[in-house]
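Engineer:
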Amino acid sequence: MPRDPFSIYTKKSGGRIQKRRIAEIDATAVGTIAIGSPSDYFSSRALVVALLCVGALLFGRLAQLQVIDSEQYTSASEGNRIESERIVPLRGIITDRNGVPLVKNVSNFQLILDGSRLSKKKDTAETVFIGIKDVINATPEEYEQWFQKALEQGQEVILREGVSYDDALKLMSTVRDSRFLKVQIAYSRQYLYDSLFAQVLGYEGKINATEYATLKSAGYVMTDEVGKSGVEKQYESQLRGVPGEKRYEVDNRGRSHGLLSTTEAHSGQQLELGLDIGLQQKLFDLLKESVDNMNLTGGSAIALDPRTGAVRALVSYPSYNNNDFVGGISQEQYDRYSNDSHLPLFHRAISGQFPSGSVFKPIVATAAIDSGIATPNTTVNSVGGIEAGGAFFPDWRAGGHGITNVYLAIAQSVNTYFYLVGGGSADGTFKGLGPYKIEEYAKKFGLGSETQIDLPGEADGFVPTPEWKEEFKNEPWYLGDTYHFAIGQGDLLVTPLQVANYTAAIANGGTLYAPRVAQAFTTIDTNERTEVQPVVLNQQVASSEAISVVQNAMRQTVLVGSAQSLKQVPVAVAGKTGTAQFDNNKKEHAWFTSFAPFENPEIALTVMLEGGGEGSAAAVPIAREGLKYYFTQ
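With the first letter of the sequence shown counted as 1, position 212 gets the number 211 in numbering that gives the first Met the number 0; the numbers rise by one all the way through.
1. If you follow the beta strand (DSSP E) that residue 298 is part of, which residue opens it and which one closes it?
2. In terms of DSSP beta bridges, what is residue 270 paired with?
3. Quick one: give me the first and last residue of the alpha helix (DSSP H) that residue 189 is part of.
4. Give the DSSP-derived three-state secondary structure of residue 402 in the structure shown.
5. Does the distance from the C-beta atom of residue 468 to that of residue 480 stay below 8 Å?
6. Which residues in the same chain as residue 391 place their Cβ atom closer than 7 Å to its Cβ, once the five residues preceding and following it in sequence are excluded?
7. Start and end of the beta strand (DSSP E) containing residue 586?
8. Would residue 567 be called buried (16 or more neighbouring beta carbons within 10 Å of its own) or exposed?
9. For residue 340, which of 628, 609, 381 and 629 has the nearest alpha-carbon?
10. Tell me whether the stretch 488–499 and the stretch 408–423 touch, counting them as touching only if at least three CB pairs, one residue from each stretch, are closer than 8 Å.
11. Between residue 156 and residue 223, what straight-line distance do the alpha-carbon atoms span, to the nearest angstrom?
12. Quick check: the Cα distance between residue 318 and residue 615, rounded to an integer number of angstroms?
13. Can you check which of these residues, 444, 545 and 105, is closest to residue 371 by C-alpha distance?
14. What's the C-alpha gap between residue 596 and residue 304?
15. Just mark residue 256 as buried or exposed, buried being the case when its beta carbon has 16 or more other beta carbons within 10 Å.
16. Exposed or buried, residue 266, counting other C-beta atoms within 10 Å across all chains shown (16 or more means buried)?
17. Just curious, the beta strand (DSSP E) that residue 385 is in, first and last residue?
18. Determine the direct distance from the alpha carbon of residue 151 to that of residue 509, and round the result to whole angstroms.
19. For residue 109, collect the residues of the same chain with a Cβ closer than 6 Å to its Cβ; drop the 5 residues on either side in sequence, then sort them by chain order.
20. How about residue 536 and residue 349: are their beta carbons less than 8 Å apart?
21. With a cut-off of 8 Å on the beta carbons, I'd call residue 539 and residue 531 a contact; round off their distance for me.
22. Tell whether a beta-carbon distance below 8 Å holds between residue 605 and residue 494.
23. Considering just the uninterrupted stretch of the alpha helix (DSSP H) at residue 231, what are its terminal residues?
24. In the structure shown, what three-state DSSP assignment does residue 198 receive?
25. On the three-pair Cβ rule with 8 Å, is the stretch 612–628 touching the stretch 579–595?
26. Runs of 4 residues minimum, wholly inside the stretch 392–445: which ones carry the alpha helix (DSSP H) assignment?
27. Would you say the stretch 362–378 touches the stretch 437–450, given that touching needs at least three Cβ pairs under 8 Å?
28. DSSP has residue 246 in a bridge; who is on the other side?
29. Take residue 180 as the anchor and find which of 88, 189, 436 and 84 has the nearest alpha-carbon.
30. In the DSSP output, which residue or residues are listed as bridge partners for residue 530?
31. Among the residues of its own chain, which have a CB less than 7 Å from the CB of residue 507, if the five just before and after it don't count?
32. Excluding the 5 residues preceding and the 5 following residue 191 in the sequence, name in chain order all residues of the same chain whose CB lies nearer than 8 Å to its CB.
33. Near residue 36, what residues of its chain come up, given a Cβ to Cβ distance below 6 Å and the 5 sequence neighbours on each side ignored?
34. Work out the CA separation of residue 134 and residue 170 for me, nearest whole Å.
35. Which value, in whole angstroms, describes the spacing of the CA atoms of residue 262 and residue 82?
36. Give me, in chain order, the residues of the same chain whose beta-carbon lies closer than 8 Å to that of residue 111; leave out the 5 immediate sequence neighbours on both sides.
Here is the structure:
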């Protein structure tokens with residue numbers, strides 16, 4: 000039978016269907032069960048619309064999650080399941096000009112605490128370091144300090160380095176499941192020649208907070224090693240290499256579940272220096288013997304190639320063992336170095352500033368000839384000294400040297416000649432260069448400023464002027480000041496490197512180069528070698544005619560002058576001795592600067608002994624033996 004459309008049917012508990020007329024339904028049910036009235040119709044329609052709106056909102060949010068925000072949530076998901084491990088690159092090896100290694104990298108183990116995983120609320124030193132206390136001998140205070148340091152920095156912190164192989168194995172087993180601790184292989188420098196190259200090579204050490212602030216943008220972290228001095232610092236970016244990375248999938252306890260990818264590290268470039276290990280060793284030994292036997296403060300020896308500015312030897316004595324600084328120097332050892340009156344940490348060859356004495360005279364002679372103040376034939380009569388302003392300015396020889404031209408003036412180091420061509424006569428009958436012209440040529444030859452050698456810590460030296468004396472000494476500039484200036488005394492200060500560099504400029508005909516210790520770089524991955532190009536500071540410091548006159552005058556120093564023992568060298572040598580007064584004229588520095596072979600120079604060599612006395616007696620023998628070695632090996 001068809002059902003009555005105006006009736007509703009309910010199922011009783013017994014299973015029978017009961018028919019009820021709409022009119023029989025209780026009034027309280029109207030609008031919730033009955034569908035027969037107009038108000039009931041509109042209420043149902045509103046419900047449908049509401050459901051459609053909610054569905055649309057849910058669909059839109061789903062689309063946003065799947066399409067618009069998918070990258071954000073994917074990244075967050077990967078951040079939770081992927082972690083990276085930094086691969087430290089091998090630092091570039093440094094060699095001499097012939098490829099002899101001067102350093103090597105030594106592998107070791109480090110215990111690392113990762114501060115980025117620490118929680119100030121959840122973690123403590125006690126929970127983090129549990130399990131390693133049987134291997135690492137540290138106090139509770141040290142553990143707490145390590146914990147706080149890592150927490151503060153929020154990155155990896157080295158707890159122990161140089162961990163032995165056996166201890167490293169124990170630690171690896173202990174920290175295998177730790178989210179915070181790990182053992183990794185690292186590398187440190189070993190310098191193969193102790194103090195021989197210490198001032199040149201410098202050393203590397205742990206990055207400090209100041210260095211990190213500067214270098215973090217280049218990808219450095221607080222566990223990195225950086226060059227602290229010497230070429231290790233100068234060429235940090237080339238020697239460092241490029242770190243690599245391993246990416247692992249890990250669970251929420253930090254345990255690895257497989258290697259996902261590896262980006263290989265790239266070793267630093269190999270640095271080939273222009274220094275010759277044999278010549279460096281020879282000059283070091285000669286300096287050491289003289290300084291030790293004469294009980295001097297120290298000495299320097301510099302050899303340059305005048306054709307390019309390449310440094311062939313750069314010796315400061317005494318020196319230090321740069322291996323003492325690898326991994327951090329003990330306070331006791333550092334105090335020994337710092338309190339040593341001979342200043343072994345001081346790179347005196349490039350940072351020491353001394354009165355030059357007579358090795359300055361070739362510059363004054365060049366200035367006089369180049370400016371027309373004198374000619375090669377200009378002579379003065381040396382009678383033992385000259386008077387000016389009521390003062391007497393002596394020659395080193397009491398009776399004088401007689402009639403003197405520029406050649407004899409250089410060869411015999413005749414002060415009177417340089418008094419006159421430098422300052423002129425007191426009565427005005429002979430016009431000299433004057434202080435400003437001497438200053439001009441001193442600066443043309445590179446004095447008063449850095450030579451721009453590729454090493455940190457170079458000193459400027461000092462070239463005095465009348466204005467400087469007026470300002471700082473509150474005194475006028477006298478003619479006697481010019482006389483002192485002209486013979487390399489007074490307030491003039493030079494570095495041994497500056498003397499070697501202007502000697503090289505005279506040797507090569509007048510080109511002033513920036514000295515370079517680096518000769519070439521080799522990229523390990525490609526074996527591509529890039530040579531370091533010469534850097535010209537002044538193409539022609541003076542006319543070739545003036546330079547030629549001074550070259551020949553310096554040759555006379557060896558032939559008939561104060562350095563005749565250099566005739567023993569198997570090639571022709573030119574040079575200039577110097578004896579520079581200091582300490583209120585009570586002591587003298589010994590200088591000798593030279594170049595060889597005279598006809599086609601390939602080496603300029605300068606020797607300086609602090610407090611060594613006369614240059615001809617103390618410095619010349621060292622130069623002689625150094626040049627003999629260079630030209631016979």
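Glycine included, each C-beta is placed from N, C-alpha and C at the ideal position.
Structural biologist: If we stick to the structure as given:
1. Start and end: 298–303.
2. DSSP output for residue 270 lists 93 and 520 as bridge partner(s).
3. Premise fails: residue 189 lies in the beta strand (DSSP E), 180–190, not in any alpha helix (DSSP H).
4. Looking at residue 402 - three-state DSSP - the assignment turns out to be strand.
5. Annotated as proximal: residue 468 and residue 480, with beta-carbon spacing under 8 Å.
6. Result list for residue 391: 384, in chain order.
7. Residue 586: member of the beta strand (DSSP E) spanning 586–595, first to last residue.
8. Exposed: under 16 other Cβ atoms inside 10 Å.
9. Proximity to residue 340 across 628, 609, 381 and 629 peaks at 609, based on C-alpha coordinates.
10. By the Cβ criterion, the stretch 488–499 is not in contact with the stretch 408–423, since fewer than three pairs of Cβ atoms, one from each stretch, lie closer than 8 Å.
11. Each residue's alpha carbon lies about 10 Å from the other.
12. If you take the alpha carbons of residue 318 and residue 615, they lie about 25 Å apart.
13. Nearest of 444, 545 and 105 to residue 371, Cα basis: 545.
14. Rounded to whole angstroms, residue 596 to residue 304 spans 11 Å at the Cα level.
15. Taking a 10 Å sphere around the C-beta of residue 256, we find fewer than 16 other C-beta atoms and assign the residue as exposed.
16. Residue 266 sits buried, since 16 or more C-beta atoms from the chains shown fall within 10 Å of its C-beta.
17. Where residue 385 is concerned, the enclosing beta strand (DSSP E) stretches over 384–387.
18. Computed Cα separation, rounded: 58 Å.
19. Exclusion of the five residues before and after residue 109 leaves 157, 160, 183 and 185 as the residues of its chain whose Cβ lies within less than 6 Å of its Cβ.
20. In terms of Cβ geometry, residue 536 and residue 349 do not form a close pair [threshold 8 Å].
21. 23 Å between Cβ atoms; not a contact.
22. Against a cut-off of 8 Å, the Cβ pair of residue 494 and residue 605 comes out as no contact.
23. Residue range 229–233 is occupied by the alpha helix (DSSP H) that includes residue 231.
24. The three-state reading of DSSP puts residue 198 in helix, counting H, G and I together.
25. Touching, per the Cβ criterion.
26. Taking 4 residues as the minimum length, the alpha helix (DSSP H) runs contained wholly in the stretch 392–445 are 405–410, 414–422 and 434–443, in order along the chain.
27. Segments in contact, yes.
28. Bridge partners of residue 246: 83 and 260.
29. Ranking 88, 189, 436 and 84 by CA distance to the CA of residue 180 puts 84 first.
30. Under DSSP, residue 530 shares a beta bridge with 519.
31. Only 305, 306 and 600 meet the Cβ criterion.
32. Excluding sequence neighbours, residue 191 sits near 100, 101, 102 and 103.
33. Low local confidence applies: a pLDDT of 43 at residue 36 is under 50, so the model's placement there is unreliable, with the coordinate-based value given in what follows. Cβ neighbours of residue 36 beyond the five flanking positions: none.
34. About 7 Å.
35. One C-alpha to the other measures close to 14 Å.
36. Result list for residue 111: 155, 156, 157, 158, 180, 181, 182, 183 and 222, in chain order.
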